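Undergrad:
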Amino acid sequence: AQSVTQPDIHITVSEGASLELRCNYSYGATPYLFWYVQSPGQGLQLLLKYFSGDTLVQGIKGFEAEFKRSQSSFNLRKPSVHWSDAAEYFCAVGTTSGTYKYIFGTGTRLKVLA
Amino acid sequence: DAMVIQNPRYQVTQFGKPVTLSCSQTLNHNVMYWYQQKSSQAPKLLFHYYDKDFNNEADTPDNFQSRRPNTSFCFLDIRSPGLGDAAMYLCATSINADEQFFGPGTRLTVL
Chain S
334 AQSVTQPDIH ITVSEGASLE LRCNYSYGAT PYLFWYVQSP GQGLQLLLKY
384 FSGDTLVQGI KGFEAEFKRS QSSFNLRKPS VHWSDAAEYF CAVGTTSGTY
434 KYIFGTGTRL KVLA
Chain G
4 DAMVIQNPRY QVTQFGKPVT LSCSQTLNHN VMYWYQQKSS QAPKLLFHYY
54 DKDFNNEADT PDNFQSRRPN TSFCFLDIRS PGLGDAAMYL CATSINADEQ
104 FFGPGTRLTV L
């Protein structure tokens with residue numbers, strides 16, 4: 334079955350610390366992978382995406398993610414977290430056959446300590 | 004700027020009173036999606052249009068309907084809202100399997 338797992342429901346880091354949010358997926362074909370961020374009461378904003386090519390993807394706001402096929406993972410990283418990064422983060426797999434839609438992970442809520 | 008617009012941002016309705024949420028896009032994308040998102044949960048896909056073709060999710064209640072009169076506009080109709088339908092409703096668009104662009108959402112309250 335197709336699925337996306339974000340093992341960490343909540344993560345708390347201090348401002349300036351590094352961050353890694355985990356995402357594991359199960360999908361039969363080569364996946365299209367996405368990370369989105371959502372601030373309270375807002376829509377989702379794309380941070381980065383992976384379709385093919387270089388497995389290390391750079392995104393907006395200083396985020397990057399690495400696709401590891403052998404581990405079925407697409408973890409999101411940031412070397413130094415800012416207080417404004419506090420938000421909900423969603424990993425998603427985009428289906429590429431049949432209809433086009435996302436399989437979302439359950440999300441990780443990030444809290445940043447000053 | 005090209006964008007996805009949702010109106011209204013906040014909607015209050017009464018139990019059982021029909022309500023319509025609207026979404027428009029200036030991106031000229033061929034796919035439009037409606038999601039329901041409840042607090043601290045991931046967005047849940049209700050249905051989507053691939054061009055004019057309507058695709059309903061198997062677990063979307065019959066109470067939810069949608070219309071897409073043209074490329075730019077898509078509507079979500081809730082025929083008889085229940086208390087359990089209170090949620091954020093998100094509209095998104097894409098070009099085929101590429102990234103989805105999300106609107107700011109409509110927060111629906113059911114009294």
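From first to last, the protein sequence lines stand for chains S and G. In case it helps, the numbering used here puts the first sequence at residues 334 to 447. In case it helps, the numbering used here puts the second sequence at residues 4 to 114. The beta carbon of each residue, even a glycine, is placed where N, CA and C say it ideally should be. As the structure is a prediction and not an experimental result, all values here were calculated from the model.
1. So, is the C-beta of G/L93 closer than 8 Å to a C-beta in chain S?
2. Does any residue of chain S have a CB that is nearer than 8 Å to the CB of G/A89?
3. Considering just the uninterrupted stretch of the beta strand (DSSP E) at S/W368, what are its terminal residues?
4. Is S/K394 helix, strand or coil by DSSP?
5. Determine the closest residue to S/L409 out of S/Y433, S/L380 and S/S359, with distance taken between C-alpha atoms.
6. Please go through the same chain and pick out, in chain order, the residues whose beta-carbon is closer than 7 Å to the beta-carbon of S/G440, but skip the five residues on each side of it.
7. Taking only runs of the alpha helix (DSSP H) that begin and end inside the stretch 22-89 of chain G, which ones reach a length of at least 4 residues, in chain order?
8. Give the interface partners of G/P58 over in chain S, defined as CB-CB distance under 7 Å, in chain order.
9. So who's on the other strand from S/S359, going by DSSP bridges?
10. Alpha carbon to alpha carbon, how far is G/V34 from G/S97?
11. What does G/G108 touch in chain S if you count any residue whose Cβ is under 8 Å from its own?
12. Comparing the C-beta of S/T429 with each C-beta of chain G, is any distance below 8 Å?
13. Which residue marks the beginning of the beta strand (DSSP E) containing S/T441, and which one marks its end?
14. Using a Cβ-Cβ cutoff of less than 6 Å, which residues in the same chain neighbour S/G392 once the five nearest sequence positions on both sides are dropped?
15. For chain S, find out if any of its Cβ atoms is closer than 8 Å to the Cβ of G/Y31; answer yes or no.
16. Helix, strand or coil for G/R110 per DSSP?
17. Residue range of the beta strand (DSSP E) that S/Q378 falls in?
18. Which residues in chain G sit within 7 Å of S/K382, going by Cβ to Cβ distance?
19. Could you say which of S/K394, S/P412, S/A425 and S/Y433 lies nearest to S/S405 if we only look at CA atoms?
20. Establish whether the CB of S/Y358 and some CB of chain G are separated by less than 8 Å.
21. Can you tell me which of the three DSSP states S/S351 falls into?
22. Within the same chain, show all residues whose beta-carbon is closer than 6 Å to that of G/K41, passing over the 5 residues directly before and after it, in chain order.
23. In the DSSP assignment, the beta strand (DSSP E) including G/Q9 goes from what residue to what residue?
TA: Based on what the coordinates show:
1. yes
2. Not one chain S Cβ lies under 8 Å of G/A89.
3. Y365 to Q371
4. Helix.
5. S/L380
6. Only residues of its own chain outside the window of five on either side were considered, and among them Q339, E421, Y422 and F423 have a CB closer than 7 Å to the CB of S/G440, listed in chain order.
7. Entirely contained in the stretch 22-89 of chain G, not one alpha helix (DSSP H) run reaches 4 residues.
8. Just to set this straight, residue 58 of chain G is Asn in the shown sequence, not Pro. Those within 7 Å of G/N58 in chain S are T432.
9. S/S336
10. 5 Å
11. G374, Q375 and G376
12. yes
13. T441 to L446
14. L380 and L381
15. Strictly speaking, residue 31 of chain G in this sequence is Asn, with Tyr absent from that position. No, G/N31 lies away from the interface with chain S (no Cβ there is under 8 Å from its Cβ).
16. strand
17. L377 to Y383
18. Chain-ordered, the chain G residues with CB closer than 7 Å to the CB of S/K382 read E102.
19. S/A425
20. Output row for S/Y358: interface = no.
21. Note: S/S351 maps to coil in three-state DSSP.
22. These residues qualify, in order along the chain: A90.
23. Taken as a continuous stretch (DSSP letters only), the beta strand (DSSP E) holding G/Q9 covers V7 to N10.
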